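Peer 1: Got a structure for you, written out below as structure tokens; questions coming shortly.
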Amino acid sequence: MASTGHILRFDEVRGYGFIAPDEGGEDLFMHANDLLGEKHLFRAGLAVSFDAEQGERGMKASRVRLVDAPPREGIGVQRPPVAVIPPWATREETPGDNLCDVLSSAEFQHELTETLLTAAPTLTGTQILAIRKALVDLSRQHNWIEG
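For the sequence shown, counting from 1, position 22 maps to 32 in my numbering; every step adds exactly one.
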């Protein structure tokens, strides 16, 4: 049964990315070989449908397709990019406020995933998920994140 979600990140050169399922839960790894359509059309913020399945290294998305994919004859037509503004980007800072922002679990996981991908691009999806789970659990124990 197909699920829906949004692409969080997709690196066309490396051939992989991550999808945030609309129903919540862990982000899913996606590989370019599982994309149905032209891979240059897949980018962060776009809605996709996919099948979730157990891969060799954990859960992954397969048979990934754009929800509003252009018709086959219009593949060369580029749509304008979708602006994705994370909720934390609109927070205002109060001068003299010595408190830090407490992120939601989803915000923390997104920030952490981006940091891990930038700092250690050779990490596998399974390694990223394991590190992220351990840090989310630790953050919850210390009330560093909401929820």
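We put the beta carbon where it would ideally sit given N, CA and C, even for glycine. Given the structure is predicted, the values throughout are model-derived calculations rather than measurements.
First and last residue of the alpha helix (DSSP H) that includes threonine 125?
Peer 2: 115-129
Peer 1: By the three-class DSSP mapping on this structure, what secondary structure does leucine 18 have?
Peer 2: Leucine 18: strand per DSSP, three-state reduction.
Peer 1: Confirm, please, whether the CB-CB distance from arginine 73 to leucine 46 is below 8 Å.
Peer 2: A distance below 8 Å separates the beta carbons of leucine 46 and arginine 73.
Peer 1: Quick check on the DSSP output: the beta strand (DSSP E) that includes glycine 27 runs from which residue to which?
Peer 2: In the DSSP annotation of this structure, the continuous segment of the beta strand (DSSP E) that includes glycine 27 starts and ends at 26-31.
Peer 1: Going by other Cβ atoms of all chains shown within 10 Å of its Cβ, with 16 needed for buried, is alanine 62 buried or exposed?
Peer 2: buried
Peer 1: Check each candidate in Gly65, Glu156, Asp37 and name the one with the smallest Cα separation from valine 112.
Peer 2: Glu156
Peer 1: Rounded to a whole number of angstroms, what is the C-alpha to C-alpha distance between glutamine 88 and lysine 49?
Peer 2: Note that glutamine 88 scores 47 on pLDDT, short of 50, meaning its location in the model is unreliable and no value can be drawn from it.
Peer 1: Tell me which residues share the same chain as valine 77 and place their Cβ nearer than 7 Å to its Cβ, disregarding the 5 neighbours each side in the sequence.
Peer 2: Cβ within range, chain order: Thr14, Ala57, Val58, Ser59.
Peer 1: Buried or exposed: which applies to glycine 86, given that a residue is buried once 16 or more other Cβ atoms fall within 10 Å of its Cβ?
Peer 2: Its pLDDT being 40, under 50, glycine 86 is placed unreliably in this model, and the coordinates cannot settle the point.
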